[in-house]
Each structure stands twice: as structure tokens, then as C-alpha cells.
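To keep things clear, I will list the structure first and then write my remarks on it.
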Amino acid sequence: MPRIIHFEIPSKNPDKAAEFYNSVFGWETTKWDGPMPYWLVQTGPDDQPGINGAFMDAASNNRLTYVLDVDDVDTYVEKVKQHGGTVVMPKDVVPGVGYLAYFEDLDGNLFGVMQDDPTAGL
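For what it's worth, the working numbering labels the leading residue of the sequence shown as 9, then goes sequentially.
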């Protein structure tokens with residue numbers, strides 16, 4: 009059963025959002041060294057319940073998004089389509105991380121699925 013493993017909070021100014029959440033909740037934020045502006049968020053210790061996430065530039069996505077861990081992105085692309093969901097971003101490689109695709113559910117909520125594969129795109 010896939011579980012939510014990640015969230016993405018859109019922001020017009022991710023640096024200020026990181027400052028805000030750090031000041032209010034103590035979240036730790038690190039700018040990702042990848043091909044797009046993205047700030048990884050650690051919301052607490054890994055040995056405690058909860059999920060981590062990211063801040064992203066609202067210009068690329070302006071909706072709160074959740075990401076589920078799956079064993080095969082291709083399988084879930086087909087399942088989403090079969091059940092009336094919409095593919096927003098087809099399967100793509102996140103180098104050194106895995107494979108990712110984004111969808112809208114029947115109510116237009118945005119979500120993604122991630123297949124872990126540290127060898128992806130390398």
C-alpha cells in the first residue's frame with residue numbers, strides 16, 4: 009500500500025518561506041543542488057513519525073502537492089488513467105533519486121508518485 013512520503017509547498021519566495029517555517033516550527037531547510045529551484049525540508053528526526061518535504065517556486069507549481077512511494081511508476085500511471093485521473097507530468101527521471109510522475113485526481117488535487125532508484129539517470 010503506497011504511503012505519502014513527501015510534500016511540496018509552493019512559494020513565491022522559497023527563501024522567505026524557509027525562514028518562516030524554520031522560525032515557527034524549527035524545520036531545517038537545504039537548497040537542493042539540482043536542475044530546478046527546490047529547497048528540501050527536514051521536519052523532524054528520522055526516527056520519529058512524520059514526513060519531510062520541500063519548498064518549490066510557485067511559478068512552476070502553485071498547489072500544495074503530496075508524493076507517494078510506489079514500487080513501479082509505470083504501473084501507477086496506468087492505474088490513475090484507468091480510474092479517471094489525469095497525467096500532469098509523465099514519468100521523468102530525478103537523477104540519483106528515482107522516477108517521478110504527477111497527476112490530478114478526480115477533484116483536481118495534484119499528487120505525485122515516486123519510485124526509488126538511486127541509479128536512475130546515472
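Cβ coordinates follow ideal geometry from the N, Cα and C atoms, glycine included.
Cα-Cα separation between Gln-50 and His-14, rounded to whole angstroms: When rounded, the distance between both Cα atoms is 10 angstroms.
If you measure between the beta carbons of Ala-109 and Val-85, is that distance less than 8 angstroms? Yes, Cβ-Cβ distance for Ala-109 and Val-85 is below 8 angstroms.
Where does Pro-103 land, buried or exposed, given buried means 16+ other C-beta within 10 angstroms? Per the 10 Å Cβ criterion, exposed.
Would you kindly report the start and end of the unbroken alpha helix (DSSP H) that includes Ala-26? Run containing Ala-26: 22 to 33, per the alpha helix (DSSP H) assignment.
Under the three-state reduction of DSSP, which class applies to Thr-73: helix, strand or coil? Here Thr-73 sits in strand by DSSP.
Among Ala-62, Thr-38, Val-78, whose alpha-carbon lies nearest the alpha-carbon of Arg-71? Ranking Ala-62, Thr-38, Val-78 by Cα distance to Arg-71 puts Ala-62 first.
With distances taken between CB atoms, is the gap from Gly-129 to Glu-112 smaller than 8 angstroms? The answer is no: Cβ separation not under 8 angstroms.
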